[in-house]
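Going by the UniProt record's numbering, the first residue of the sequence shown is number 1, and it counts up by one from there. To start, the structure itself, in structure tokens.
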Amino acid sequence: MYVCVEMSATPRDLPLEKTVEEFLVSKMEERLRRAHKKPEWDVARVSPSCKVVLARRELDAADCRLAEKRKEQSKQRALLDKQWEDLAEKEKALRASFTRFHSFLTENELKRERASKKLQEELSLQKHRDLDIDAMKETINKLDHIKKNMDQHVTDYKIYEDFLKKVVTVSKFNSIHEVLNRYETLVATRDELAARQKRDLTALESERSEMAHLSQVCYIPPDSVRLIHGGE
Numbered sequence: 001m002y003v004c005v006e007m008s009a010t011p012r013d014l015p016l017e018k019t020v021e022e023f024l025v026s027k028m029e030e031r032l033r034r035a036h037k038k039p040e041w042d043v044a045r046v047s048p049s050c051k052v053v054l055a056r057r058e059l060d061a062a063d064c065r066l067a068e069k070r071k072e073q074s075k076q077r078a079l080l081d082k083q084w085e086d087l088a089e090k091e092k093a094l095r096a097s098f099t100r101f102h103s104f105l106t107e108n109e110l111k112r113e114r115a116s117k118k119l120q121e122e123l124s125l126q127k128h129r130d131l132d133i134d135a136m137k138e139t140i141n142k143l144d145h146i147k148k149n150m151d152q153h154v155t156d157y158k159i160y161e162d163f164l165k166k167v168v169t170v171s172k173f174n175s176i177h178e179v180l181n182r183y184e185t186l187v188a189t190r191d192e193l194a195a196r197q198k199r200d201l202t203a204l205e206s207e208r209s210e211m212a213h214l215s216q217v218c219y220i221p222p223d224s225v226r227l228i229h230g231g232e
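Encoded structure:
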């Protein structure tokens with residue numbers, strides 16, 4: 001038995017009666033411990049055969065525990081193998097899914113590029129079509145202008161048509177076409193006669209020039225002519 005006191009306290013500071021009482025109590029406890037201690041000759045001895053039996057029991061128990069451990073380990077190994085197979089299948093499926101997803105992205109990218117290219121081609125074609133439409137509109141406007149002018153000419157020349165119709169009715173011609181053919185023939189004849197007259201005038205003028213040149217070359221003074229005639 002131990003007495004807990006403060007560090008500042010000393011045996012002289014404790015009461016004398018308490019110190020003697022604690023000393024006696026400690027002595028009595030020590031005697032009791034020595035009285036209850038069994039001597040080595042009083043302990044039961046174990047024979048070798050008992051030790052073998054005990055060792056076999058412990059070995060059998062250890063074998064049973066080991067078998068249980070192996071069985072448990074086998075179950076755990078089977079469970080781990082199943083989980084590993086599941087993980088392998090999931091990994092395979094994930095890889096296949098990733099491959100399909102990559103192929104899907106690649107295919108979509110190709111489709112997007114083709115669509116973009118086609119859109120650019122359509123825009124370019126639409127631009128050319130717009131230019132063609134503008135050119136056709138301009139041509140149509142020009143043709144409309146020409147048509148208006150021709151309509152105006154037809155209106156202006158309507159009086160000549162009416163005149164030719166009257167000419168047909170009072171002449172030997174049967175149609176305006178015959179009148180126009182006759183007119184064209186007369187115009188062609190007139191042009192031919194004018195050309196012939198121009199050629200004749202050109203030839204006559206050439207002959208006059210030639211005769212004038214000859215007259216200058218063969219010029220004989222009048223006095224010489226009189227002398228020639230007087231001498232005769």
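Positions of the beta carbon are idealized from the N, C-alpha and C atoms, including for glycine. Please read all numbers here as calculations on a predicted model, not as lab measurements.
Residues near residue i by beta carbon distance below 7 Å, same chain, minus five either side
i	result
residue 67	none
residue 101	none
Straight-line gap, residue i to residue j (C-alpha atoms, nearest Å)
i	j	result
residue 52	residue 92	57 Å
residue 181	residue 189	12 Å
residue 118	residue 134	24 Å
residue 209	residue 186	34 Å
residue 207	residue 194	20 Å
residue 143	residue 113	44 Å
residue 103	residue 111	12 Å
residue 212	residue 205	10 Å
residue 108	residue 125	25 Å
residue 196	residue 145	43 Å
residue 131	residue 120	17 Å
residue 72	residue 55	25 Å
residue 106	residue 99	10 Å
residue 156	residue 183	20 Å
residue 149	residue 162	20 Å
residue 81	residue 60	30 Å
Nonlocal neighbours in the same chain, by C-beta distance under 8 Å from residue i, ignoring five residues either side
i	result
residue 171	179
Contacting residues, own chain, Cβ-Cβ under 6 Å from residue i (five flanking each side not counted)
i	result
residue 42	Because residue 42 sits at a pLDDT of 49, beneath the cut-off of 50, its placement in the model cannot be relied upon, and the following sentence gives the value as read from the coordinates. Contacts found: none.
CA nearest to the CA of residue i, picked from the options
i	options	result
residue 165	177, 154, 116, 59	177
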